[in-house]
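Those sequence lines, one after another, are chains A and B.
102 is the number that the numbering used here gives to position 102 of the first sequence; each next residue is one higher, with no gaps.
Going from the second sequence to the numbering used here is simple: count from 1 and add 1000.
Think of the CB as a built atom: it goes at the ideal place given N, C-alpha and C, for glycine as much as any other residue.
These notes concern the structure reproduced below.
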Amino acid sequence: DTAVSQTPKYLVTQMGNDKSIKCEQNLGHDTMYWYKQDSKKFLKIMFSYNNKELIINETVPNRFSPKSPDKAHLNLHINSLELGDSAVYFCASRSAGGGSETQYFGPGTRLLVL
Amino acid sequence: QKEVEQDPGPLSVPEGAIVSLNCTYSNSAFQYFMWYRQYSRKGPELLMYTYSSGNKEDGRFTAQVDKSSKYISLFIRDSQPSDSATYLCATIIQGAQKLVFGQGTRLTINP
């Protein structure tokens, strides 16, 4: 069973297009995240939702809009794609409490903007 | 200054060597410290987790936190080619939602 899944795995598209990435977790966690990982492997948080409510919104262009239809799903829509949006996007869900803190990552969506 | 600094490497060592990976952080409020391992074309996965200062051992892996010097270490004993991956340190303030990652160190173990 896949704990955190993302679709699609690969996305190649032209500049200016609009695209969406979907994420689902079957772990029963309340908190989910979107991260962007650049070519140098730096993992940067973009958004976080807790039980469908936006709790973290880093300085991300407003072309990026997350949506959480329920606490098991967190999608990311990107408008007017730019070359600099090319990266790997990871979804994660969080287990915290009882003295522990763990994030479970999806396999990533490799986005290439041409 | 980044909140968490990590030497990106790359680091290449022979099989069987002891590997030391390190991070420094700036915010003394950080209380949970983690090491994530990321294989090529995969998502990061939690490898080790410690709360506050001290050591934690799990098989060939030892995580060490020194809060007085704001220093996080991961030691790998008897390193294997299967340990080749990018290792990311991460930390979080208790009660916060945001995990702060280091840049990641790319490690290669040569057979």
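Chain-ordered chain A contacts of residue i [CB-CB under 9 Å]
i	result
B/Thr1108	Correct list: empty, because the minimum Cβ distance to chain A is about 14 Å.
B/Gln1103	Lys40, Lys41, Phe42, Leu43
Closer than 7 Å to chain D by CB, residue i
i	result
B/Leu1046	You won't find chain D in this structure, because its protein chains are A and B.
Contact set between residue i and chain A, taken where Cβ atoms lie within less than 8 Å
i	result
B/Pro1008	Lys40, Lys41
B/Thr1086	Lys41
B/Ile1092	Glu101
B/Tyr1049	Ser100, Glu101, Thr102
Where residue i meets chain A, residues with beta-carbon distance less than 7 Å
i	result
B/Lys1042	Pro107
B/Tyr1032	Glu101
Whole-angstrom C-beta distance between residue j and residue i, which should lie under 8 Å
i	j	result
B/Gly1009	B/Thr1105	4 Å
A/Tyr35	A/Leu43	5 Å
B/Val1019	B/Leu1107	6 Å
B/Tyr1049	A/Glu101	7 Å
B/Val1004	B/Phe1075	Actually they do not touch by this definition, with Cβ atoms about 18 Å apart.
A/Pro107	A/Gln6	6 Å
B/Arg1060	B/Arg1041	B/Arg1060 to B/Arg1041, Cβ: 24 Å. No contact.
Contacts that residue i makes with chain B (C-beta to C-beta distance below 8 Å)
i	result
A/Ile55	Gln1097
A/Thr31	Gln1097
Proximity below 7 Å, CB of residue i to CB of residue j
i	j	result
A/Lys19	A/Leu11	yes
B/Ser1073	B/Asn1110	no
A/Gly16	A/Ser80	yes
A/Thr109	A/Tyr89	yes
A/Ser45	B/Gln1097	Before going further, note that residue 45 of chain A is Ile rather than Ser in the sequence given. No, Cβ-Cβ distance for A/Ile45 and B/Gln1097 is not below 7 Å.
B/Gln1103	B/Gln1038	no
A/Gln14	A/Leu114	yes
Amino acids of chain B, ordered along the chain, whose beta-carbon sits closer than 7 Å to that of residue i
i	result
A/Thr59	Neighbours of A/Thr59 on chain B: none; closest Cβ ~13 Å, over 7 Å.
A/Ser68	Under the 7 Å cutoff, chain B gives no residues; its nearest Cβ is about 14 Å from A/Ser68.
Residues bridged to residue i [DSSP beta-bridge criterion]
i	result
A/Tyr35	A/Ile45, A/Phe90
B/Gln1094	Bridge partners of B/Gln1094: none, in fact.
A/Asp70	A/His73
A/Ser20	A/His77
B/Lys1070	DSSP, once it has assigned bridges, lists no residue as partnering B/Lys1070.
A/Glu101	A/Ala96
9 Å Cβ cut-off: residues of chain B touching residue i
i	result
A/Ser115	In this structure chain A extends from 1 to 114, so residue 115 of chain A is not present and cannot be described.
A/Phe90	Gly1043, Pro1044
Do the stretch 1067 to 1074 of chain B and the stretch 72 to 88 of chain A touch if we need at least three Cβ pairs shorter than 8 Å?
Cβ pair count under 8 Å is below three, so no.
Do the stretch 1082 to 1102 of chain B and the stretch 1026 to 1038 of chain B make contact, defined as three or more Cβ pairs closer than 8 Å?
A contact exists between the stretch 1082 to 1102 of chain B and the stretch 1026 to 1038 of chain B.
Touch check for the stretch 1078 to 1089 of chain B and the stretch 65 to 78 of chain A: three-plus C-beta pairs under 8 Å?
Result no; under three Cβ-Cβ pairs closer than 8 Å.
Sufficient close CB pairs (3 or more, under 8 Å) joining the stretch 1011 to 1030 of chain B to the stretch 87 to 95 of chain A:
Output reads no: the stretch 87 to 95 of chain A does not touch the stretch 1011 to 1030 of chain B.
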